[in-house]
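Residue numbers for the sequence shown, in the UniProt record's numbering: 1 to 235.
From the three backbone atoms N, C-alpha and C, an ideal C-beta is built for every residue, glycine too.
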Amino acid sequence: MAQMLTQTFNAPAIKTQIGGKIAPAHPVSDQFGAIAGHVGLVATEFSYRKEEEIYGEDESAEYVYQVVTGAVRSYKLLSDGRRQIGSFHLPGDVFGLESGTTHRLAAEAIIDTTVRLVKRASLEKAAATDVQVARKLWAMTAGELRHAEDHMLLLGRKTAMERVATFLLEMDRRLAVAGMMALPMCRRDIGDYLGLTLETVSRALSQLHAQGILGFSGARHIVLRNRARLHNLDA
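Below you can see the structure in the form of structure tokens.
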């Protein structure tokens, strides 16, 4: 069951420990920073266990969320039971920002995760009176749209190897510490994100390893040895 901590919003530092690795290669931007200190805004922190649901598909979108520690997947279950993951949310990422009144996708903790949430109504009220808050919310929305467009291209036009290369480069940018990616998600998650089977993901990773493009250090730790060749595969 989720554990709750409510506090006045003051944009505390985002912790970035994933899989034993501290902080990604680039500093995590606090996307809620623009509303820090805004009068009347209160943040609530919830802790979720691995695989615990944060919100369900079609549930009321009353809050906007930010990952503090851990990792979250947003996904949709198809009528035949298949799962399509839309996004992976890592420390610093904001999710659950909807254009309508309900969540289009469900959200679930991949590993033990803490999220910070703010009432959507409070954000909308702040945006109505503070241009900086409005701009920040617009930037977040535009970022989600850009990701959705990129993901649509990936699913519709790229080969299996190109999809895996795209994913690895994305995670390298977001997670790499001292040249190593500590992935919080399993290969089945990766497959459901890329529209591939578990076997296809494993085969692609094995081929990249055989070609000297990447190496493994444990089940979910990957070292990229030749980013240039990986970029060529993603082109």
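Check: Assigned exposure category for residue 113 - 16 Cβ within 10 Å defines buried; Outcome: buried
Check: Buried or exposed by the 16-neighbour rule on C-beta atoms within 10 Å, applied to residue 66; Outcome: buried
Check: Per DSSP, the bridge partner or partners of residue 85; Outcome: 75
Check: Of the listed residues 86, 196, 191, nearest to residue 146 (C-alpha basis); Outcome: 86
Check: For residue 125, three-class secondary structure by DSSP; Outcome: helix
Check: Pair within 8 Å by beta-carbon distance, residue 172 and residue 161; Outcome: no
Check: C-beta atoms of residue 109 and residue 48 nearer than 8 Å; Outcome: yes
Check: First through last residue of the alpha helix (DSSP H) which encompasses residue 200; Outcome: 198 to 210
Check: DSSP bridge partner residues for residue 222 (one or two, in chain order); Outcome: 181, 216
Check: Cβ separation of residue 157 and residue 196, assumed to be a contact under 8 Å, to the nearest whole Å; Outcome: Contact doesn't hold; Cβ gap of about 14 Å is too wide.
Check: Where residue 105 falls: helix, strand or coil (DSSP); Outcome: coil
Check: Alpha-carbon to alpha-carbon, residue 201 and residue 168; Outcome: 11 Å
Check: Candidates 111, 115, 98, 231, of which the one nearest residue 123 by Cα; Outcome: 98
Check: Alpha carbon of residue 185 to alpha carbon of residue 135, nearest angstrom; Outcome: 32 Å
Check: Inter-residue Cα distance where the pair is residue 151 and residue 71; Outcome: 19 Å
Check: For residue 102 and residue 187, the rounded distance between their alpha carbons; Outcome: 29 Å
Check: Through-space distance from residue 107 to residue 133, alpha-carbon basis; Outcome: 25 Å
Check: Extent of the continuous alpha helix (DSSP H) to which residue 45 belongs; Outcome: It is not in any alpha helix (DSSP H) - residue 45 instead sits in the beta strand (DSSP E) that spans 42 to 48.
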